[in-house]
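Note sheet for the following structure.
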Amino acid sequence: MPLPKAELHLHIEGTLEPDLAFALAARNGVTLPYADTEELRRAYSFSDLQSFLDLYYALMAVLRTEQDFADLADAYLARAAEQGVRHAEIFFDPQAHTARGVPLGVVVEGLGRALDRSEERYGVSTRLIMCFLRDESADSALETFEAARPWFGTRITGVGLDSAEVGHPPAKFREVYRLAADAGLHRVAHAGEEGPAGYITEALDVLGVERIDHGLRCLEDPDLVDRLVREQVPLTLCPLSNVRLRCIDTLADHPLPAMLAAGLLVTVNSDDPAYFGGYADDNLRAVEEALKLDREELRLLAANSFRASFLDEERRAALLAEVAAYEFEPGAA
Ligand code: HPA
Ligand code: ZN
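Numbering (our numbering), first residue to last: 10 to 342.
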């Protein structure tokens, strides 16, 4: 049994495995520009964030019905459970679907169908966070926000910000984040993945976010690091993603150990596991091996994932107790 953990940075569209993509394409009569899964997999070679996003958005063409979204989420939750994930806070990109003519209700109710059964089937509690595409306009984000109101506090418990970062600073979304706060939603944002450390500060100060997704580039600003440590702002790191999107050269260069040593509240997550080579525990094992993490560092990362989550206090305490009591297999780590 893997170490119990929470997954806090996971784009549900990024869990679309090639097999499922082809199955959904056949079911919906969509033709993919790849002959088979092998050819598709060969396209998973990225030079930066944008080169990934191009494929990520293109493959979404196969997602059309509520059942498609339910199947996608159910396949993810089954895999997450195998990886020791006990709680998942799941991002989705409403604009990427509504722009293709798929109604928001199809997306939210489809995902919701799978999420509703998750605790009972897999022992995985869930939250759903809708992300605004930062390379779309602030007005488009506002429109999306208003359209999603019927699900606030029930299906949708938070807002996030993703897609192409550079040139799209957090402050562009000041208004919609203010409305999200008024609506009682949690707020997170991608910042400091490809964008500068200043975007992290701006996400905290202008958007009032409770967590930073990625946040890798905080290390370029020592005063910001001091602040993140002092305020214990969680950073949802995604190590395999960072290598695949060339934010860092190799896993052995990942600053995770230095970030832990500095007292940052870092967590390890999978981002878009179908594209980046691994789910939650795969990421943890990869950093364990490449960075020679010891058992107590792994335990700290798992505990951090629950501390940084939006869980109610009772379940958080129960899961933290499981982490504290976890017995590593002999010989492992
Ligand atoms: N960064 C920004 N946007 C994204 C990502 C990411 O890693 N994955 C899916 N959308
Ligand atoms: Zn992400």
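Beta carbons: idealized from backbone N, C-alpha and C, even for Gly.
Nothing here was measured: the structure is a model prediction, and the numbers come from that model.
State buried or exposed for residue i, treating a residue as buried only when at least 16 other CB atoms are found within 10 Å of its CB.
{"i": "residue 56", "result": "exposed"}
{"i": "residue 103", "result": "buried"}
{"i": "residue 222", "result": "buried"}
{"i": "residue 134", "result": "buried"}
{"i": "residue 171", "result": "buried"}
{"i": "residue 153", "result": "buried"}
{"i": "residue 45", "result": "exposed"}
{"i": "residue 24", "result": "buried"}
{"i": "residue 204", "result": "buried"}
{"i": "residue 311", "result": "buried"}
{"i": "residue 337", "result": "exposed"}
{"i": "residue 22", "result": "buried"}
{"i": "residue 270", "result": "exposed"}
{"i": "residue 40", "result": "exposed"}
{"i": "residue 16", "result": "buried"}
Does the Cβ-Cβ distance between residue i and residue j come in under 8 angstroms?
{"i": "residue 106", "j": "residue 143", "result": "no"}
{"i": "residue 278", "j": "residue 256", "result": "no"}
{"i": "residue 123", "j": "residue 83", "result": "yes"}
{"i": "residue 234", "j": "residue 227", "result": "yes"}
{"i": "residue 196", "j": "residue 189", "result": "yes"}
{"i": "residue 202", "j": "residue 225", "result": "yes"}
{"i": "residue 97", "j": "residue 89", "result": "yes"}
{"i": "residue 49", "j": "residue 100", "result": "no"}
{"i": "residue 87", "j": "residue 131", "result": "yes"}
{"i": "residue 169", "j": "residue 150", "result": "no"}
Here's a check: name, in chain order, each residue in its chain whose Cβ is nearer than 7 angstroms to the Cβ of residue i, leaving out the five neighbours to either side.
{"i": "residue 73", "result": "37, 111"}
{"i": "residue 68", "result": "25, 30"}
{"i": "residue 282", "result": "23, 24, 288"}
Does the distance between the C-beta of residue i and the nearest non-hydrogen atom of the ligand HPA fall short of 7 angstroms?
{"i": "residue 281", "result": "yes"}
{"i": "residue 129", "result": "no"}
{"i": "residue 250", "result": "yes"}
{"i": "residue 20", "result": "yes"}
{"i": "residue 145", "result": "no"}
{"i": "residue 62", "result": "yes"}
{"i": "residue 184", "result": "no"}
{"i": "residue 202", "result": "yes"}
{"i": "residue 65", "result": "yes"}
{"i": "residue 286", "result": "no"}
Is residue i near the ligand ZN, with its Cβ less than 7 angstroms from a heavy atom?
{"i": "residue 177", "result": "no"}
{"i": "residue 57", "result": "no"}
{"i": "residue 171", "result": "yes"}
{"i": "residue 195", "result": "no"}
{"i": "residue 222", "result": "yes"}
{"i": "residue 96", "result": "no"}
{"i": "residue 106", "result": "no"}
{"i": "residue 199", "result": "yes"}
Among the residues of its own chain, which have a CB less than 6 angstroms from the CB of residue i, if the five just before and after it don't count?
{"i": "residue 93", "result": "11, 12, 13, 14, 290"}
To which residues of the same chain is residue i closer than 8 angstroms at the C-beta, ignoring the five residues directly before and after it?
{"i": "residue 354", "result": "Lying outside 10 to 342, the shown extent of the chain, residue 354 is not represented and no answer is given."}
{"i": "residue 165", "result": "117, 137, 138, 139, 157, 194"}
Counting beta carbon pairs with one atom in the region 261-269 and one in the region 297-307, are three or more of them shorter than 8 angstroms?
yes
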